[in-house]
């Protein structure tokens with residue numbers, strides 16, 4: 001694999017941040033009688049967060065497959081958060097989810113962007 005570009009490093013940093021923020025989800029279950037994600041979703045997001053963190057570390061070291069696994073993990077994390085737009089939750093939660101969706105899209109685009117290499121022009 002070619003060395004990672006600055007764009008890819010920034011994308012990996014964002015993906016690592018999103019993944020790391022999802023790891024402790026399972027330790028904060030939704031209290032009874034309140035609106036929130038079920039425990040199964042919290043376990044899933046924590047597992048995806050852990051997979052994402054590990055993949056980011058491996059991708060940072062040059063593993064091309066781990067780069068794609070990290071992208072997949074943050075995409076699945078984003079999809080797990082999308083139902084917040086369709087249920088009755090406070091506006092603050094919707095704003096946070098919208099911001100995480102935007103950061104996820106940015107991180108995936110940056111991670112999977114090809115490194116721009118100078119190409120000689122042959123005239």
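In the UniProt record's numbering, the protein residues as written are 1 to 123.
Built from N, CA and C at the ideal position, the CB exists for glycine as well.
- Taking the C-beta atoms as reference points, residue 80 is found no nearer than 8 Å to residue 93.
- Between residue 45 and residue 78, the C-beta gap is not smaller than 8 Å, which leaves the two residues out of contact.
- Straight across, the Cα-Cα distance linking residue 36 with residue 30 is about 6 Å.
- Judged by DSSP in its simplified three-state form, residue 5 adopts coil rather than helix or strand.
- The shortest CA-to-CA distance from residue 49 to any of 28, 24, 63, 82 is the one to 24.
- In the three-state DSSP reduction, residue 78 falls in the helix class (H, G or I).
- Beyond the five residues adjoining it in sequence on each side, residue 41 comes within less than 7 Å, by CB distance, of 80 in the same chain, given in chain order.
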